[in-house]
Every structure is written in structure tokens, then in C-alpha cells.
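In the numbering used here, the protein residues as written are 19 to 334.
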């Protein structure tokens with residue numbers, strides 16, 4: 019069993035309302051697989067080879083869900099917002115860093131003998147950033163460091179041993195004028211990511227332009243990046259080996275409501291495609307269920323039924 023974990027920042031599942039841009043953005047692969055537009059009218063389901071849940075990102079804490087606590091919760095299975103007594107934005111504070119260092123998906127899988135990697139490529143400018151009170155890295159990077167994982171560089175990207183955060187490398191040309199780095203298609207990005215599972219059991223990729231589009235209330239940008247991500251997902255599904263599971267989720271809502279520049283209270287997707295879906299022992303109800311669900315996928319499959327969740331086959 020191998021897992022490609024797809025973290026999409028700021029992607030909530032909102033109601034089918036006018037302010038929801040997914041009402042008009044056409045995403046052929048996502049819509050075909052989920053049976054409709056990407057909104058709350060999609061009913062949760064669990065089949066042998068696929069599952070879709072709406073995960074609560076609020077975690078029982080007042081206020082809008084935020085990145086640092088949401089991502090720490092995803093990696094550790096602990097309610098980081100409750101631990102902090104509030105939702106924390108941006109990069110992780112010292113207490114959240116300690117949670118990530120005490121144990122996270124990478125370290126636990128390594129203890130089981132699994133090989134893990136962070137697929138994103140980092141630019142030279144990243145390694146020159148000035149340290150602040152929160153450091154300068156996201157929870158995903160902090161978790162990788164806690165596990166002793168090396169970060170991939172532009173050299174890896176040029177050799178197709180990494181995937182840039184925007185998939186196609188277009189951002190490098192627009193923002194950094196890195197003209198020597200060839201632009202690629204979403205399918206090629208998927209192929210580069212899939213190549214990593216030949217050497218690793220757990221591959222993590224982070225995509226955050228959805229959150230950028232949401233904060234900017236930029237519906238055109240969101241349409242562009244989500245259509246590319248839809249093509250990327252389709253290619254991953256079509257070309258993945260049979261033992262590879264795709265696991266897509268987010269830390270909080272944002273881009274699904276263009277009427278505000280802030281995060282939202284909407285649930286986030288927990289979407290599993292592949293053999294790992296059959297190994298889920300219970301429904302994914304909130305972000306604390308993500309890490310245990312991933313770990314369960316590496317365990318031997320049993321005939322135990324889902325707890326508290328009726329499968330589509332049983333209900334249909």
C-alpha cells in the first residue's frame with residue numbers, strides 16, 4: 019500500500035449558493051467522480067475503492083479555522099485548536115511546533131519502516147528567509163524536518179524529481195523569471211509525482227493557490243488553478259498503480275465563498291481514491307480523523323464494518 023497525500027489549502031465544501039464559485043466552474047473529473055458540482059449537495063459515501071466525507075475544520079473551537087492549527091491537527095491527529103484555546107493562522111508557534119516534533123504522520127510511518135517524502139520543490143530564496151518568532155516554515159515543512167526529511171530543491175525540479183506548488187511551474191516564470199525551468203502540463207506534474215511512489219510509500223504534496231485566490235476574492239484565478247488541479251487529479255487517477263491511494267483534504271474553507279476575503283466555517287473534503295478506502299474503519303468526521311485514517315491504510319485489511327457510518331452499498 020502506498021499513499022499520495024494531496025493537501026489543498028483553503029478548499030472548503032460550501033453550499034450550492036451564488037457566492038460559491040464552484041457553482042459555475044466546470045471540473046469534469048471531480049464532477050464525474052463525485053456525481054455533481056463540488057458543493058455540499060454531494061452526499062458522503064464509502065465504497066470499496068473510494069470514499070468522500072465532509073470533515074469539520076472548526077474542531078469545537080469558536081472563530082474561523084486557520085492554517086497553523088488546522089494543518090497541525092491534520093499531521094498529528096490532535097486537536098491543535100483546542101490545545102491552543104483558539105485557531106492560529108499562518109506558521110506554527112512554539113507549542114504547535116512541539117506537537118509536530120513529538121510525532122506526526124511522517125515520523126509514525128517511518129517507525130513502521132515506511133519511506134516518506136515531501137514532493138514540493140523549494141526555491142533558493144526559501145532557504146535565505148529570515149527567521150521570525152514563528153520561524154518561516156509551514157506545518158508541512160516543520161513536520162518533514164521533525165522526521166529528518168530533506169527538502170527538494172530546484173535541482174530536483176529540473177530533474178523531474180519534485181513537483182512545484184503550482185504544478186506547472188508557471189509561477190516560477192511569472193514571479194521569479196526562472197526561464198530555464200520548462201513549463202509542464204498538469205498531467206506531466208502528475209507523472210512526476212507518481213514516479214516518486216516507485217521509491218516511497220508516502221508522498222506528500224502541498225497546493226496553496228486555492229487559498230491565495232480565496233483571500234484575493236479572485237474568481238478568475240480560482241477557475242484557472244482548479245481546472246488545472248482537476249486535470250492533475252484525473253491524470254493521477256488514470257495512471258496510478260493499483261496499490262496507490264490518493265488522499266485529498268484541506269485545513270479550512272476559503273475559496274468556496276467569494277463574498278468574503280476570510281476563511282469560512284464550511285467543512286473540508288476528505289476524499290480517498292484507491293485501495294486504501296477499503297481499510298477505513300470509521301467515517302472521517304473532522305480533521306482529527308485524518309492522520310488515524312492514513313495510518314489505518316497501511317494496516318492489513320479486515321472485514322470489520324465501518325463504525326457509525328452506513329456504506330453506500332448497505333444503504334442502496
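Think of the CB as a built atom: it goes at the ideal place given N, C-alpha and C, for glycine as much as any other residue.
From a predicted model like this one, the values you see are computed outputs, not experimental measurements.
Top-ranked residue by Cα proximity to residue i, from the options
i: residue 90; options: 172, 65, 156 and 140; result: 156
i: residue 42; options: 242, 310 and 295; result: 242
i: residue 20; options: 102, 129, 212 and 103; result: 212
i: residue 208; options: 282, 99 and 225; result: 225
i: residue 161; options: 127, 305 and 34; result: 127
i: residue 296; options: 262, 275 and 280; result: 262
i: residue 194; options: 140, 113, 37 and 72; result: 140
i: residue 288; options: 133, 61 and 35; result: 61
i: residue 267; options: 233, 280, 312 and 275; result: 312
i: residue 239; options: 249, 216 and 273; result: 273
i: residue 137; options: 291, 174 and 248; result: 174
i: residue 48; options: 253, 260 and 282; result: 253
i: residue 167; options: 135, 119 and 192; result: 135
i: residue 281; options: 46, 105, 110 and 68; result: 105
i: residue 277; options: 182, 236 and 218; result: 236
Proximity below 8 Å, CB of residue i to CB of residue j
i: residue 70; j: residue 57; result: no
i: residue 30; j: residue 271; result: yes
i: residue 64; j: residue 214; result: no
i: residue 159; j: residue 121; result: no
i: residue 75; j: residue 88; result: yes
Between the CA atoms of residue j and residue i - distance to the nearest angstrom
i: residue 77; j: residue 220; result: 26 Å
i: residue 163; j: residue 303; result: 28 Å
i: residue 52; j: residue 228; result: 19 Å
i: residue 314; j: residue 117; result: 21 Å
i: residue 96; j: residue 115; result: 13 Å
i: residue 131; j: residue 189; result: 36 Å
i: residue 231; j: residue 184; result: 12 Å
i: residue 279; j: residue 73; result: 22 Å
i: residue 334; j: residue 269; result: Low confidence applies to residue 334: its pLDDT is 35, below 50, so where it sits in the model is not reliable, and the reading given next is rough at best. Approximately 31 Å, taken between the alpha carbons.
i: residue 293; j: residue 257; result: 14 Å
i: residue 233; j: residue 112; result: 26 Å
i: residue 246; j: residue 255; result: 14 Å
i: residue 204; j: residue 32; result: 25 Å
i: residue 265; j: residue 37; result: 27 Å
i: residue 152; j: residue 79; result: Only weak support exists for where residue 152 lies, its pLDDT of 49 falling under 50; the value from the coordinates is given anyway. Cα-Cα distance, rounded: 22 Å.
i: residue 7; j: residue 286; result: Outside the displayed span of the chain (19 to 334) sits residue 7, for which this structure offers no information.
i: residue 59; j: residue 198; result: 44 Å
i: residue 309; j: residue 124; result: 10 Å
i: residue 187; j: residue 170; result: 15 Å
i: residue 248; j: residue 316; result: 27 Å
Beta-ladder partner(s) of residue i, from DSSP
i: residue 6; result: Because the chain spans 19 through 334 in this model, residue 6 falls outside it and cannot be assessed.
i: residue 60; result: Paired residues: none, contrary to the question.
i: residue 24; result: 223 and 266
i: residue 181; result: 138
i: residue 174; result: DSSP, once it has assigned bridges, lists no residue as partnering residue 174.
i: residue 74; result: 304
i: residue 282; result: 271
Range covered by the beta strand (DSSP E) that runs through residue i
i: residue 134; result: 134-136
Residue i - containing alpha helix (DSSP H), residue span
i: residue 188; result: 188-193
i: residue 311; result: 308-314
i: residue 85; result: 85-94
i: residue 247; result: 237-257
i: residue 48; result: 46-52
i: residue 124; result: 123-129
i: residue 163; result: 157-164
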